[in-house]
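Peer 1:
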Amino acid sequence: MWNKKAKWAPLLLAIVLSLSACSSAGDKTPSNSSETPKDVSQGKPSDKPSNENVTITVLNEGAVSIGVGKMEELLPARKKLILEDAEQRPPVKESDFTRTPGESVHPGIFAYFYQQTIHDKLKSKNISVTTEDWGWGEPLIQKETAGFLAKNIPDIIVGETQMPGFAVQGLLEPFPDDMAAEIRETTAAAAWKPMEIDGKIYGFASQPGVNSLFWNKKLVREAGLDPEQTPKDWDELLANIQKVTEAGKGKFYGGGVYAGPNAGGYLRYGPLLVINKGGFADASGTPTFNSDANVKTVEFLRNLNKNHPAGLMVSQQEGPYFDAFKKQQTAYIIDGPWRAAESTSLGIEYGMAPIPLSAGGEVGNITIGAAFHAVPKDAKHKEAAFEYIRAMYSDEIQQLIADTGVRSPVKKSVAEAPEYKTKHPEMFNHYQAMNGNVQGLPTFQKDSSKVWQTFGDAVAKALMTNGNIKEILDGAQAKAEAIVK
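By the count of the working numbering, the sequence shown reaches residue 485 at its end, each step adding exactly one.
1. Please work out which residues of its chain come closer than 8 Å, Cβ to Cβ, to A77, disregarding the five sequence neighbours upstream and downstream, and give them in chain order.
2. F444 bridges to which residues according to DSSP?
3. Taking the Cβ atom as the reference point for each residue, do V168 and A371 lie within a distance shorter than 8 Å?
4. If you reduce the DSSP assignment to three classes, tell me which class K411 lands in.
5. Identify the residues that DSSP records as bridge partners of Y523: which are they?
6. Per DSSP, P287 forms a beta bridge with which residues?
7. Just verifying my parser: in three-state terms, what is the DSSP assignment at P139?
8. So for E393, helix, strand or coil by DSSP?
9. For V58, which option in K123, I153, G102, W338 has the closest C-alpha, if you only look at C-alpha atoms?
10. Note down the Cα distance separating A191 from L83, rounded to an integer number of angstroms.
11. Would you check if the distance between the CB atom of Y393 and the CB atom of I183 is smaller than 8 Å?
12. By the DSSP assignment, the alpha helix (DSSP H) with D177 in it spans what residues?
13. For H381, which three-state DSSP category applies?
14. Assuming G256 and N307 form a contact by the criterion Cβ under 8 Å, report the distance between their Cβ atoms to the nearest whole angstrom.
15. Please name the residue in L225, F280, L267, N276 whose C-alpha comes closest to that of G254.
16. Which word fits T422, buried or exposed, when buried means at least 16 other C-beta atoms lie within 10 angstroms of its C-beta?
17. Can you tell which of A283, S212, D96, H119 has its C-alpha closest to the C-alpha of E73?
18. For I156, name the three-state secondary structure that DSSP assigns.
19. Helix, strand or coil for V295, going by three-state DSSP, please let me know.
20. Determine whether the beta carbon atoms of V298 and I469 lie at a separation below 8 Å.
21. What residue does the beta strand (DSSP E) around F214 start on, and which one ends it?
22. Is it the case that the Cβ atoms of I483 and T454 are separated by a distance below 8 Å?
23. Would you check if the distance between the CB atom of I368 and the CB atom of G336 is smaller than 8 Å?
24. So A386 and P176 are supposed to be a Cβ contact under 8 Å. How far apart are they, rounded?
25. Could you tell me the distance, in whole angstroms, from the CA atom of E481 to the CA atom of L238?
26. Between which two residues does the beta strand (DSSP E) containing N345 stretch?
27. Is DSSP giving K48 helix, strand or coil here?
28. At what residue ranges does the stretch 50-113 contain a whole run of the alpha helix (DSSP H), taking only runs of 4 or more?
29. Just mark P30 as buried or exposed, buried being the case when its beta carbon has 16 or more other beta carbons within 10 Å.
30. Between the stretch 92-110 and the stretch 394-401, can you find at least three pairs of beta-carbon atoms closer than 8 Å?
31. Kindly give me the distance between the Cβ atoms of L122 and V129, rounded to whole angstroms, as I take these residues to be in contact under 8 Å.
32. DSSP state of M434, grouped into three classes?
33. Can you round the beta-carbon distance between F148 and L171 to whole angstroms, since I take them to be within the 8 Å contact cut?
34. Within the continuous alpha helix (DSSP H) that includes D235, where are the two ends?
35. Quick check on K306: does DSSP put it in helix, strand or coil?
36. A310 and M163 look like a contact to me (Cβ under 8 Å); what is the Cβ gap, rounded to whole Å?
Right under this line is the structure:
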């Protein structure tokens with residue numbers, strides 16, 4: 001069985017790269033995905049139990065995908081591929097496919113175990129699964145939008161930042177009351193809170209992420225700081241970052257957080273707005289860009305920007321920012337939980353802690369890399385689809401997530417078990433951050449993409465110039481209000 005972290009490094013790197021890709025909701029990959037999707041299910045909608053086999057169509061999510069097609073055919077084919085994969089380091093053995101809950105799982109088999117577990121649980125209920133892959137980011141959003149318009153949509157769809165908007169538009173089926181009550185009682189808020197609209201839950205993520213603060217202990221140590229000490233607040237964090245920049249003398253910098261004008265930026269500096277009692281929008285979806293709290297947060301971001309190579313913090317593409325941390329050119333970074341496993345695989349000695357609070361601030365966060373699964377109103381097999389989602393928060397799936405060690409489980413009984421705290425202390429800290437005031441990115445009343453770009457451009461301007469921040473955000477607010485009218 002697998003129990004040595006050092007052996008995981010190459011596999012962890014591969015799996016975290018697929019996980020971190022989920023956070024790039026601003027993907028601009030060209031696609032013909034605006035075409036109407038092919039017919040994904042047959043027959044009339046039915047919510048009645050049946051002894052006959054029901055086949056549901058489920059959209060793939062990269063971190064747990066094993067291919068496209070019928071699950072009972074995909075599983076043996078994927079196992080064969082894994083065993084034959086010469087690039088697995090160390091190689092996967094037949095014995096690795098036998099697991100005992102509570103023992104470490106080979107990361108290369110995680111997706112296989114995940115789908116096998118769901119397949120077995122649904123098979124006992126006469127439910128079969130067929131998977132489709134509609135991509136991620138903008139291509140996925142386009143295909144899902146076309147599917148809703150054509151009333152031709154899978155039984156379960158998946159997505160990140162677009163999903164609350166689909167719920168607000170009335171396109172998703174609310175979870176049954178008993179199921180919603182169970183989810184609220186037994187799982188962390190990050191798994192469902194961003195998908196709660198007017199007291200109803202419309203989506204669930206089995207292994208969502210929230211942001212944490214990471215730092216390179218080697219660079220922090222070179223600046224004369226204690227690498228084991230977590231900055232207690234924003235002032236201390238900024239002071240530490242400035243000291244690292246001074247010590248680096250142009251070879252390395254203090255860093256901070258990516259703030260590019262895209263979803264990757266909003267997802268990462270958004271928690272700072274929330275912590276400082278600001279935010280992007282009010283409960284009705286009206287922009288709140290120019291609040292006093294936001295002005296102070298952007299002032300903090302401007303100070304962080306001075307501790308980066310010119311232009312890096314507001315780069316149009318997020319890749320260069322994270323490459324700088326991986327190359328040990330920046331010391332501090334705010335990011336999702338995959339940063340821990342990726343740092344281990346790259347040999348970076350790192351620290352991880354909750355994001356420090358501002359003066360007078362409060363704990364808050366934004367989900368990142370959260371693949372929310374939901375049942376459309378036009379799904380053909382709603383009851384069977386909800387059985388799939390129930391399996392996602394089952395003890396078996398949540399223990400599997402815990403044993404793999406790349407993400408945190410969301411089920412309280414698994415994550416709060418003493419043995420989990422002992423084996424995975426950093427992921428337990430991440431689990432704790434998934435509770436409380438955890439939000440998703442909001443959907444604005446109208447033309448969300450234009451409103452987002454307005455704010456993103458304003459923040460970038462505020463960071464890259466010496467202009468009056470209040471005036472810059474006032475201008476963005478006025479423009480955004482005109483867009484949503």
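Just so it is clear, CB atoms sit at the ideal spot from N, CA and C, and this is done for glycine as well.
Peer 2: Let me spell this out:
1. G67
2. Paired residue(s): none; F444 is not in a bridge.
3. no
4. strand
5. With the chain covering 1 to 485 only, the question about residue 523 has no answer from this structure.
6. A281
7. helix
8. The question names Glu, yet the displayed sequence has Tyr at residue 393. Of the three classes helix, strand and coil, the one that applies to Y393 here is coil, per DSSP.
9. I153
10. 33 Å
11. yes
12. 177-186
13. coil
14. 6 Å
15. L225
16. exposed
17. H119
18. strand
19. helix
20. yes
21. 212-216
22. yes
23. yes
24. The amino acid at residue 386 is misidentified as Ala; the sequence shows Phe. Contact flag correct, Cβ pair sits at about 7 Å.
25. 33 Å
26. The displayed chain sequence assigns Ser, not Asn, to residue 345. Per DSSP, S345 belongs to no beta strand (DSSP E); it is in the alpha helix (DSSP H), 338-345.
27. Caution applies to K48, whose pLDDT of 48 falls short of 50 and renders its modelled position unreliable; the value that the coordinates give is listed next. Three-state result, K48: coil.
28. 71-84
29. At P30, the pLDDT of 32 sits below 50, so the modelled position is not reliable; the number obtained from the coordinates is stated separately. The residue is exposed, with fewer than 16 neighbouring Cβ atoms inside 10 Å.
30. yes
31. 6 Å
32. coil
33. 5 Å
34. 234-248
35. coil
36. Their Cβ separation, rounded to whole angstroms, is 36 Å, which puts A310 and M163 out of contact at 8 Å.
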